[in-house]
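Single-structure report; data block below.
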Amino acid sequence: MALNQVAFYHLQKTGVLDSLPVLVDKIYGLGLKAFIYHPDESILSDLDKTLWTYTPLSFIPHEIVGANQEVDYERAPIVLCNDLKKLHNSNVFITLTDYKIEDVSAKTDRIVDMFDGRQDQDVQHARDRWQAYATKKVPCVYWTQSPVGKWEKTFEKGI
């Protein structure tokens, strides 16, 4: 797999649990496989509950993959996992936290890097990742959440 693009999503109005399900629904609607990463199992559990209940009119097949399980995109095209070693053959890697670029860039086509703009440390880590991708000449797009919660493309590089 070759990394084609990194999309940064700078949350300012809502949190991850409010914003991510809409994006995951779009990814699923396109028939893509996604791997959602966070090292904290409780956050993945909260996201799991949110994906089950965020709208009564749709369903997103997903599962949390634990330590003794293997990723099976046929069973669940959306995977929530806290172990980057299990990432493989994913169309989209979604991260909700800091990560090492070399751990994921060869295992997915696209990265969605969602971070909380209200946390200075999260913003700094995202800036560092943006610079690292720019150095590697990976196309990047930067989305900022407006005061009413809509996404606005504010910058792109290499696209």
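When we follow my numbering, the leftmost residue of the sequence shown carries the number 2, and every step to the right adds one. Just so you know, even glycine gets a beta-carbon here, dropped at the ideal spot from N, CA and C.
Between which two residues does the alpha helix (DSSP H) containing residue i stretch?
i           : result
residue 46  : 42-54
residue 20  : 17-30
residue 125 : 121-136
residue 103 : 102-105
Report the residue from the options whose alpha carbon sits nearest the alpha carbon of residue i.
i           : options              : result
residue 75  : 82, 91, 83 and 69    : 91
residue 58  : 130, 158 and 23      : 23
residue 61  : 26, 37 and 31        : 26
residue 49  : 148, 19, 33 and 31   : 19
residue 67  : 51, 52, 45 and 53    : 45
residue 43  : 81, 36 and 31        : 81
residue 101 : 158, 126, 159 and 36 : 126
residue 51  : 17, 139, 31 and 28   : 17
To which residues of the same chain is residue i closer than 7 Å at the C-beta, ignoring the five residues directly before and after it?
i           : result
residue 105 : 85, 88, 94 and 112
residue 55  : 22
residue 40  : 83 and 98
residue 33  : 92 and 93
Specify, as a first and last residue, the run of the beta strand (DSSP E) that residue i falls within.
i           : result
residue 153 : 152-158
residue 79  : 79-82
residue 60  : No beta strand (DSSP E) contains residue 60, which DSSP labels as neither H nor E.
residue 92  : 91-96
residue 73  : Per DSSP, residue 73 belongs to no beta strand (DSSP E) and is neither H nor E.
residue 35  : 35-38
residue 99  : Residue 99 -> no beta strand (DSSP E), and no H or E assigned at all.
residue 6   : 6-12
residue 113 : 109-117
By Cβ distance below 6 Å, which residues in the same chain neighbour residue i in space, the five residues on each side in sequence not counted?
i           : result
residue 64  : 77
residue 36  : 80, 88, 91 and 94
residue 157 : 142
Leaving out the 5 sequence neighbours to the left and right, which residues in its chain are closer than 8 Å to residue i when beta-carbon positions are compared?
i          : result
residue 15 : 146 and 150
residue 12 : 20, 115, 116, 117, 118, 119 and 146
Determine, for residue i, whether the minimum Cβ-Cβ distance to residues of chain C falls below 8 Å.
i          : result
residue 64 : Judged by its chain identifiers, the structure shown contains no chain C, having just a single protein chain.
When the Cβ atoms of the stretch 133-141 are set against those of the stretch 6-25, are three or more pairs found closer than 8 Å?
yes
Quick test of the definition: if touching needs 3 or more C-beta pairs under 8 Å, does the stretch 113-133 touch the stretch 63-74?
no
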